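K.L.:
Chains as they are written, first to last, in the working numbering: chain A, 997 to 1250; chain B, 2 to 250.
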Amino acid sequence: MLWIPAGLALALVVLPVAGLLVRTDYARLPALLTSSASLNALRLSLVTAGASTVACVLLGVPLAVVLARATGRGVRVLRAVVLLPLVLPPVVGGLALLFLFGSNGFLGRLLAEVADVRITFTTAAVVLAQTFVAMPFLVVSLEGALRGAGDRYEQVAATLGARPWTVFRRVTLPLLLPALGSGAVLSFARALGEFGATITFAGSLEGVTRTLPLEVYNQAEADVDSAVALALLLIVVAVVVIAVARPKAVEGRT
Amino acid sequence: MKKVLALALAAVLTASACGTSSGEGERTLRVFAAASLTEVFGALEQRFEDDHPGVDVQLNLAGSSRLAQQINEGAPADVFAAADEASMGIVRQTGALTGDPMIFAYNRMTIAVQPGNPKNINYFTDLQRPDLTVVVCAPQVPCGAATQKLQQNTGVVLNPVSEEQDVKAVLNKVAMGEADAGMVYHSDVVSAAGKVEGIEFARSSGAINRYPIAVLAETGQPDLAGAFRDLVFSETGKAELRKAGFGTR
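1) Check whether chain B comes within 7 Å of A:F1184, counting only Cβ atoms and requiring the distance to be less than that.
2) Taking Cβ positions only, does A:G1199 come closer than 7 Å to chain B?
3) Any contact between the segment 1047-1064 of chain A and the segment 1142-1150 of chain A? By contact I mean 3 or more CB pairs, one from each, below 8 Å.
4) Closest to B:H187 by CA distance: which of B:A36, B:A245, B:E50 is it?
5) Taking the C-alpha atoms as reference points, what is the distance between B:V216 and A:V1122?
6) Could you give the uninterrupted runs of the beta strand (DSSP E) lying entirely in the segment 164-248 of chain B, keeping only those of 3 residues or more?
7) Since A:L1028 and A:D1221 are thought to touch, with beta carbons under 8 Å apart, how far apart are those beta carbons, to the nearest angstrom?
8) Any C-beta of chain B within less than 8 Å: which residues of the segment 1078-1099 of chain A qualify?
9) Tell me, please, which residues DSSP counts as bridged to B:L60.
10) Tell me B:T99's beta-bridge partners as DSSP assigns them.
11) By the criterion of Cβ-Cβ separation under 8 Å, what are the contact partners of A:E1217 in chain B?
12) Kindly provide the ranges of any beta strand (DSSP E) runs that are 3 or more residues long and lie completely inside the segment 1077-1157 of chain A, ordered along the chain.
13) Sort A:A1120, A:V1204, A:L1230 by Cα distance to B:E164 and report the nearest one.
14) For A:E1202, which residues of its own chain have a beta-carbon under 7 Å away from its beta-carbon, when the five flanking residues on both sides are left out?
15) Just the chain B side, please: which residues come within less than 8 Å of A:Y1213 by C-beta, in chain order?
16) Using the beta-carbon count (16 or more within 10 Å), is B:N210 buried or exposed?
17) From which residue to which residue does the alpha helix (DSSP H) around A:F1164 run?
18) Among B:R28, B:Y107, B:S235, which has the Cα closest to the Cα of B:D189?
19) Within 7 Å of any Cβ in chain B, is that where the Cβ of A:F1191 sits?
20) By the three-class DSSP mapping on this structure, what secondary structure does A:F1191 have?
21) To which residues does DSSP link B:I112 through a beta bridge?
22) CA-CA distance, B:V158 and B:D85?
23) Going along the chain, which residues of its own chain have a beta-carbon closer than 6 Å to the beta-carbon of A:V988, five neighbours each way excluded?
24) Per DSSP, which one or two residues make a beta bridge with B:A106?
25) Mind checking B:G64: buried by the 16 CB within 10 Å criterion, or exposed?
26) Could you name the residues that DSSP lists as bridge partners for B:A82?
27) In or out: B:D132 buried (at least 16 other Cβ within 10 Å) or exposed?
28) If you draw a straight line from the C-alpha of B:V135 to the C-alpha of B:A34, how long is it?
29) Mind checking if A:V1233 is an interface residue toward chain B, Cβ cutoff 7 Å exclusive?
30) For B:I104, count neighbouring C-beta atoms within 10 Å of its own C-beta (all shown protein chains included) and say buried if the count is 16 or more, exposed if not.
31) Going along the chain, which residues of its own chain have a beta-carbon closer than 7 Å to the beta-carbon of A:T1020, five neighbours each way excluded?
32) Closer than 8 Å by beta-carbon distance: list the chain E residues that pair up with B:P161, in chain order.
33) Ends of the beta strand (DSSP E) at B:V137?
34) Should the segment 55-69 of chain B be called in touch with the segment 173-184 of chain B, which here means at least 3 C-beta pairs below 8 Å?
35) Quick check: is the beta carbon of A:F1117 nearer than 7 Å to any beta carbon in chain B?
36) Verify whether the separation of the beta carbon atoms of A:A1239 and A:V1181 is less than 7 Å.
Below, the structure is given as structure tokens:
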């Protein structure tokens, strides 16, 4: 009985992509994909999505542990706040970042005064925007896994004399690896597809801030075939990343 | 913005009022117009509906090249008003127009700066100064094409920090203080109502956008579509266009 709704769900995902495949101009595909604008966008996308995934892991793992282990009413509020980027429209997220890091923003002014650094319109702004929208995916996957596992092993390790840092390194982290893997893949995928926050906060300039989704939008303005070809490239990259990393992470075979 | 909202509200109210009173006499005129025409065509919509009881004008406002794509993909339209001739050309080459497109307005490029011009920008060549953060439109959209043409004409080489997808995004980057200067249309500075200041420069005459309008062959109501086009060319239409910062013939 399940196969009817399951089939519908699959169709909803597959059919639009199939539509894209049908509309692709395969004769021009190689030329469209190897243009310098496309290659620049692809390289920038991989570099920034990779960097923001690393940032998500470095910052998100401690946050997830704190959220899962802490008790008290404040934690609930905190958890809701962490999930905000999931429900905020990305453009609003971009505006929020602009109000903080922009030339009239609090941190933006501070950075300009103290270090003479401007964040907006730089590749760093792209990474920041992607990290902002992708972080919740990592935190949610990790926190769920942590709560499911409980802290019995950590308690035991602590009673056997392990220091907190050793417990985190030798017990907590290895237990987390499968969830960390799938969380990181989700974050990477979200960062790769990021559009609204990036174009609002970082702008759009080839080689600096124009990632693949922004290049798709840019090309769609003038040449739909080119936009479709680039969209296809984005899909292939995303499918490869998810197919290679995700099953392993989910099945715990990391 | 308030004005647009009020107009939209008025349009909805009149549409629903007509729906209840006249019923089957209701006719809809679909007008596809460039985003820069938002204010002007909003006012003309109101005027046209007042003059033609039972007619509901629906405006579809977006970037010209995107509108052209929509029409070519089969979106139902009666009238198309574009911000440049290239976008009109995209529709024209498929044979979807009745007659030739006619130019009804002109828009020149201007430099948008923050109010009071704190960075003292006075000429197009000033935009080459390394201390300035400059934002332009991507060459794929009309305002970006015009900016490129200006650079070719003057030999000025801009080093923008961002190439935005539409002219309003450029305007916002300047209005929010993220960019020191942006290349926009004169009409955008007028519609920004004090949030930015426009710096006119002599060489801007080298890249004037001409706005063409045409009736589509697919229209089932050439009389109404023609009447709307006539309104754009009328003294009322010209007055609205000039008020919004456009040039007219």
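Heads up, the beta-carbon is just placed ideally off N, CA and C, and yes, glycines get one too.
None of the values given here were measured: they were computed from a predicted structure.
P.N.:
Let me lay it out:
1) no
2) yes
3) yes
4) B:A245
5) 43 Å
6) 182-186, 198-200, 209-217
7) 7 Å
8) L1094, G1098, S1099
9) B:V32
10) B:V216
11) G64, S66, R67, A139, Q141, V142, Q166
12) none
13) A:V1204
14) A1033, N1036
15) Q166
16) buried
17) A:F1164 -> no alpha helix (DSSP H), and no H or E assigned at all.
18) B:Y107
19) no
20) coil
21) B:M184, B:I200
22) 23 Å
23) Since the first residue of chain A shown is 997 and the last is 1250, residue 988 of chain A is not available in this structure.
24) B:Y212
25) buried
26) B:A34, B:I214
27) exposed
28) 28 Å
29) no
30) exposed
31) V1224, A1225, L1228
32) Chain labels in this structure do not include chain E; the protein chains are A and B.
33) 135-138
34) no
35) yes
36) no
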